[in-house]
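Numbering (my numbering), first residue to last: 1 to 323.
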Ligand SMILES: [Zn+2]
């Protein structure tokens with residue numbers, strides 16, 4: 001029998017799954033992402049996780065005919081390597097992935113994607129009608145999109161297509177993004193951006209009352225959503241987030257004409273009503289083309305792992321006709 005493997009390499013955890021050719025998962029493993037000291041240690045952690053998923057499935061790694069990897073970026077795609085990942089220690093400069101996984105499974109069919117691209121592959125594969133046009137948007141510590149347009153998974157020459165979190169949404173450029181530029185979508189609406197944005201709005205209008213712990217170093221986006229409906233500032237922030245999110249999503253829809261826009265990432269998954277429903281309401285008033293279905297992924301925290309597996313099963317496409 002042929003087996004397939006999916007790998008989700010995140011800054012916190014690395015996970016691997018092994019499936020049969022009909023997509024049934026038969027082995028799984030998960031462990032913390034090694035914190036270095038070098039990128040090779042991360043590579044070895046990935047290989048260990050794949051080996052353990054194989055032994056969980058009762059197979060040898062060489063029985064795997066194809067693998068998909070959904071990973072934190074950025075990449076040197078030609079090398080199949082992650083370069084200077086943002087959320088791992090600075091000593092980790094290169095994490096070779098494609099080559100070592102090819103060697104482990106003794107197959108050159110290894111597909112490397114960034115996590116949002118793996119997300120759209122998984123969403124496409126598991127969607128009812130297996131649509132050729134869909135977008136997956138993650139709202140988590142950052143914001144990004146994976147795009148499938150006319151049946152093609154979009155990568156761009158350097159693999160950086162879909163960096164929609166760096167759409168310039170605020171022409172006043174009031175907040176600086178983690179990337180160093182001003183006015184970007186994720187500077188306002190990502191999990192990392194929301195605390196700064198909340199403080200900015202509080203400074204703008206000191207008459208707004210709040211019990212949010214704005215000066216506490218542990219103040220997070222979750223606090224804002226936890227205070228929804230009970231705190232004047234929290235409610236105002238959530239309304240403004242919907243404003244910027246709707247601008248970002250409207251730009252995505254006008255760019256790619258998706259039939260489905262699917263959301264994942266902790267901020268969207270944990271606040272479907274306050275974030276995703278609010279986007280749907282506003283976007284329907286803002287698009288001049290066809291309004292897509294706007295939904296939350298059914299795959300939850302597994303969306304990248306499932307996407308990596310779907311990539312392995314379908315030659316990197318999520319197209320079920322290629323099973
Ligand atoms: Zn940016």
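For every residue, glycine included, the Cβ atom is placed at its ideal position computed from N, Cα and C.
- Taking 8 Å as the upper bound for CB-CB distance, residue 120 and residue 247 are not in contact here, some 21 Å apart.
- In this structure, residue 179 has its CB closer than 7 Å to one or more heavy atoms of ligand 1.
- Annotated three-state conformation of residue 311 is helix, per DSSP.
- Residue 61 carries a helical assignment under DSSP once its states are collapsed to helix, strand and coil.
- Exposure of residue 91 is indicated by the presence of fewer than 16 other C-beta atoms within 10 angstroms of its C-beta.
- Within the segment 133-221, the runs of alpha helix (DSSP H) that reach at least 4 residues and sit entirely inside it are, in chain order, 185-189, 194-204.
- Distance from the Cα of residue 150 is smallest, within the candidate group 53, 124, 84, 66, for 124.
- Residue 221 sits buried, since 16 or more C-beta atoms from the chains shown fall within 10 Å of its C-beta.
- Collapsing the DSSP output to three states places residue 28 in a strand.
- Residue 47 sits in a helix when the DSSP states are folded into three classes.
- In terms of CA proximity to residue 185, 143 leads the group 195, 159, 143, 200.
- In this structure, the CA atom of residue 228 is about 25 Å from the CA atom of residue 177.
- Counting C-beta pairs with one atom in each stretch, the segment 57-75 and the segment 83-99 have three or more that are closer than 8 Å, which means they touch.
- Straight-line measurement puts the Cα of residue 27 at about 42 Å from the Cα of residue 284.
- The beta carbon of residue 173 sits no closer than 7 Å to any heavy atom of ligand 1.
- Bounds of the beta strand (DSSP E) holding residue 6 are 3-9.
- In this structure, ligand 1 has a non-hydrogen atom nearer than 7 Å to the beta-carbon of residue 166.
- The closest CA to that of residue 69, considering only 223, 173, 50, is found on 50.
- Cβ-Cβ distances below 6 Å link residue 109 to 66 in the same chain, with the five nearest sequence neighbours on each side left out; the list follows chain order.
- Checking the 7 Å criterion, the Cβ of residue 184 is within range of a heavy atom belonging to ligand 1.
- Under the three-state reduction of DSSP output, residue 100 falls in the helix class.
- When secondary structure is reduced to three states using DSSP, residue 71 falls in the strand class.
- Judged by DSSP secondary structure, residue 254 falls outside any beta strand (DSSP E) and instead within the alpha helix (DSSP H) spanning 232-256.
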